[in-house]
Amino acid sequence: MTRRKQEAVRADKPLRRKSQPRPFVPPVTISNEAFLVDGRDDWLRETLYLMVLSMNRLHAFREAFGRAMDLTPPQFAVLMGTAYTQGTDGVSIGTLAAHVHLAPTHVTTEVGRLIRLGLLEKRPHSEDRRSVLVRLTSQGEKAINAVIPLVRSVNDQLFDGVTRDEMQAILHFFRRFAHNGDIALARIRTADPSVRKPAAKLPR
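Counted the way my numbering counts, the sequence shown spans residues -18 to 185.
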């Protein structure tokens, strides 16, 4: 075919228009219409991202407090939890675990480590022979007193401008959210057995 004929063939073919890309409309991630604005859940997504950011920062604070005492974050939580729940006689593992929202087996392990560090001591429970009571040693009390100025300074900044009513609302929300989270995790584990169980259940 000559060049002239090739050009004639091209002239006979209609020009194909390039199709315009369609904007992708992501599906909503929740069915509850109370969380939708104009059929979208953008604000919910932003809220969840902020929640993750906030939780990561709280974990970073706990890590910093623990490092100041040469402790891991769970050890710091257990030591602080003991300080604020031991009363005069000490605190049981079960009560301590419920207070810091960690699994009792995890708390038992960390209590043993803190005892070996000389920060905690335990004695038999006077009313339950199967249980023990945990309390701070004098060394543990000194460790708590030493770290409190750092904890207080962080909390003063962290909760600056936050009202008591706002904190009560947050507490109510997280209790419900944690309870619902237990149920959601149970559902997702049926599809993915590798998902870990929650450390401990929050009181309703």
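Every residue gets a Cβ at the ideal spot worked out from N, C-alpha and C, and that includes glycine.
For residue i, three-class secondary structure by DSSP
i: R156; result: helix
i: E44; result: helix
i: L166; result: helix
i: R110; result: coil
i: L117; result: strand
i: L186; result: Within the shown structure, residues of the chain are numbered from -18 to 185, placing residue 186 beyond reach of any answer.
i: V18; result: strand
i: A58; result: helix
i: G68; result: coil
i: G93; result: helix
i: S0; result: coil
i: I11; result: coil
i: V6; result: coil
i: V132; result: helix
i: V143; result: coil
i: D173; result: coil
Environment of residue i [buried if 16+ CB atoms lie within 10 Å]
i: L39; result: exposed
i: R128; result: One detail in the question is off: residue 128 reads as Val in this sequence, not Arg. Buried is the call here.
i: Q175; result: Before going further, note that residue 175 is Ser rather than Gln in the sequence given. S175 comes out exposed.
i: A167; result: exposed
i: G223; result: With the chain covering -18 to 185 only, the question about residue 223 has no answer from this structure.
i: S73; result: buried
i: M36; result: exposed
i: M32; result: exposed
i: F57; result: buried
i: V6; result: exposed
i: A78; result: buried
i: S119; result: exposed
i: G20; result: exposed
i: T86; result: exposed
DSSP bridge partner residues for residue i (one or two, in chain order)
i: S73; result: L114
i: E102; result: R116
Supposed contact pair residue j and residue i - C-beta distance, whole angstroms, cut 8 Å
i: L101; j: L117; result: 6 Å
i: F42; j: V135; result: 6 Å
i: D23; j: F16; result: 10 Å between Cβ atoms; not a contact.
Would you be able to state if there are at least three C-beta pairs under 8 Å between the region 39 to 53 and the region 108 to 121?
no
Any contact of the region 144 to 154 with the region 114 to 127, i.e. 3+ C-beta pairs under 8 Å?
no
Quick check: the region 59 to 66 against the region 89 to 106, are there 3 or more CB pairs under 8 Å?
yes
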